[in-house]
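Step one of this worksheet: look at the structure below.
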Amino acid sequence: MKVPFSYLERQFAVSGPGESPTLTDTIFEDLKRFVVSGDFTLGKSLVEFERKFAAHEGAKHALGVNSGTDALFLSLKGLGVGPGDEVITCAETFIATAGSIAQSGATPVFVDVNDEFTIDADRIEAAITPKTKAIMPVWFTGNAPDMDRILEIANAKGLKVIEDSCCAIDGAYKNRKAGSIGDAGGFSFHPLKNLNVWSDGGMITTNSDELAAKIALLRNHGFKSRDEVEIFGYNSRMDTFQAVVALRMIDDVAAVTDRRIAAARRYDDALRDLEGLIDIPRRSAHIRHVYHLYMLRVKDRDGLLRHLQENGVEAKIHYPIPLPYQKACAHLGCKKGDFPKTERDCDSIVTLPSHAYLTEDEISYAIETLRGFYGK
Ligand SMILES: Cc1ncc(COP(=O)(O)O)c(C=O)c1O
15 MKVPFSYLER QFAVSGPGES PTLTDTIFED LKRFVVSGDF TLGKSLVEFE RKFAAHEGAK
75 HALGVNSGTD ALFLSLKGLG VGPGDEVITC AETFIATAGS IAQSGATPVF VDVNDEFTID
135 ADRIEAAITP KTKAIMPVWF TGNAPDMDRI LEIANAKGLK VIEDSCCAID GAYKNRKAGS
195 IGDAGGFSFH PLKNLNVWSD GGMITTNSDE LAAKIALLRN HGFKSRDEVE IFGYNSRMDT
255 FQAVVALRMI DDVAAVTDRR IAAARRYDDA LRDLEGLIDI PRRSAHIRHV YHLYMLRVKD
315 RDGLLRHLQE NGVEAKIHYP IPLPYQKACA HLGCKKGDFP KTERDCDSIV TLPSHAYLTE
375 DEISYAIETL RGFYGK
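To convert, take the position in the sequence shown, counting from 1, and add 14; that gives our numbering.
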């Protein structure tokens, strides 16, 4: 049996002769109507998608941009972060978190992770310097950082908070949706996200009218009107084409996410007794963890990974090299030993295929294959 990591072939299958239309068939029909309308740039469907996304994430404003990376970068720019500033973020994350900070001209300052794959909030204060301008906590794996503590620190020190909620569409912390808690939130619609488009796309959420107005300028060359340019900006609009695609999926995102969560719970329940071999991070009742990645710390990770892959279970590692030790970060002067928990994770984590499109049998097979490796 093969247990695929990617679900795109299943999600976007087209119907065969005589079969009822699939999601893809419906989107094709929408796109036919859209293409002949010529409404490509900041079009009506984008405005509608932004309205729906803002309502979905419980934020006052949502602005479509061309990727999650740009969502973070433009949020930083919009909040006035730039050269000479420092932004505190988590050492265990995808490169784009730190990349967006570097792109803004600011310096990423890494803080080690806790046991739940999010920033260790107790270590943030020690990383603050007179240059610190913002904190960028990451909803890594789809799990919420300790937002109460982070906001408390940020408020006391006058720092901005930009949530990297790229992995956490539909996630929540104490009944507040991802991206609606800090000053701004950045989301990704990359194909392997739980609301995914047919290329790249991103969204910035904010409750600030002022920031929304600034980002509306920044993402569109600084245009105030057709002929007036207020500031230098970027071409970073979300394609209306992608908004047409996303509009067909946004109403189902909670249900898709529920199925993702159900798959993760099946793994949790079936693996909990393997204590000592497998370390399942603590699950918190006040967090809606959306399991963008179903990640565990395991004994003999490389052996297990090989065993899973050889038996058709497409497990992966996110990510094997601590971000601060990547060559791109060499100028930051981080050294081995600075981030012990991130290092431990990079050597022991494995991501199992876990998503809304797996069958019960496939999950059972993945569980049996994993248990079999440990002779259980
Ligand atoms: C934590 C995190 N931040 C930022 C991004 C960047 O999003 P995008 O690929 O849409 O630029 C990703 C994408 O996977 C991510 O996982």
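We treat Cβ as the ideally placed atom computed from N, Cα and C, and that holds for glycine. As the structure is a prediction and not an experimental result, all values here were calculated from the model.
When only Cα atoms are considered, Glu106 and Asn221 end up about 27 angstroms apart. The alpha carbon of Val17 has as its nearest neighbour, out of Lys390, Tyr388 and Tyr371, the alpha carbon of Tyr371.
With respect to Gly82, Gly200 sits close: the two C-beta atoms are nearer than 8 angstroms.
Placement of the Cβ of Val304 at a distance of 7 angstroms or more from every heavy atom of ligand 1 is found. Glu224 and Thr146 have their C-alpha atoms roughly 22 angstroms apart. Boundaries for Tyr388: no alpha helix (DSSP H) harbours it, and the DSSP string shows neither H nor E there. Counting only residues whose CB is nearer than 6 angstroms to a non-hydrogen atom of ligand 1, the list in chain order is Ser81, Gly82, Thr83, Thr107, Phe108, Ala110, Thr111, Val152, Phe154, Asp178, Cys180, Cys181, Ser202, His204, Asp214 and Gly216. When DSSP assignments are scanned along the region 153-185, the uninterrupted stretches of beta strand (DSSP E) that are 3 or more residues long and fall wholly within it turn out to be 174-178. A contact is defined here as three or more CB-CB pairs under 8 angstroms, and the region 364-378 meets this definition with respect to the region 20-27.
In the DSSP annotation of this structure, Glu23 is not part of any beta strand (DSSP E); the continuous alpha helix (DSSP H) holding it starts and ends at Leu22 to Gln25. A Cβ-Cβ separation of about 3 angstroms places Thr254 in contact with Gly57 under the 8 angstroms criterion. Per DSSP, the continuous beta strand (DSSP E) segment holding Gly78 begins and ends at His75 to Val79. When beta bridges are read from the DSSP output, Asn234 appears opposite Asn249. Within the model, the alpha-carbon separation for Val152 versus Ser89 is close to 14 angstroms. Leu366 is the residue among Leu366, Lys341, Cys348 and Arg273 whose C-alpha sits nearest the C-alpha of Leu307. Approximately 22 angstroms separates the beta-carbon atoms of Ser34 and Phe48; this is outside 8 angstroms, ruling out the contact.
In chain order, Phe63, Lys66, Phe67, His70 and Leu209 place their CB closer than 8 angstroms to the CB of Ile264, counting only its own chain and leaving out the 5 sequence neighbours on each side. Unbroken alpha helix (DSSP H) runs of no fewer than 4 residues, entirely contained in the region 40-92, are found at 58-71 and 82-92, following chain order.
Contact check for Ile167 and Glu139: beta-carbon distance about 6 angstroms, within the 8 angstroms limit, so the pair qualifies.
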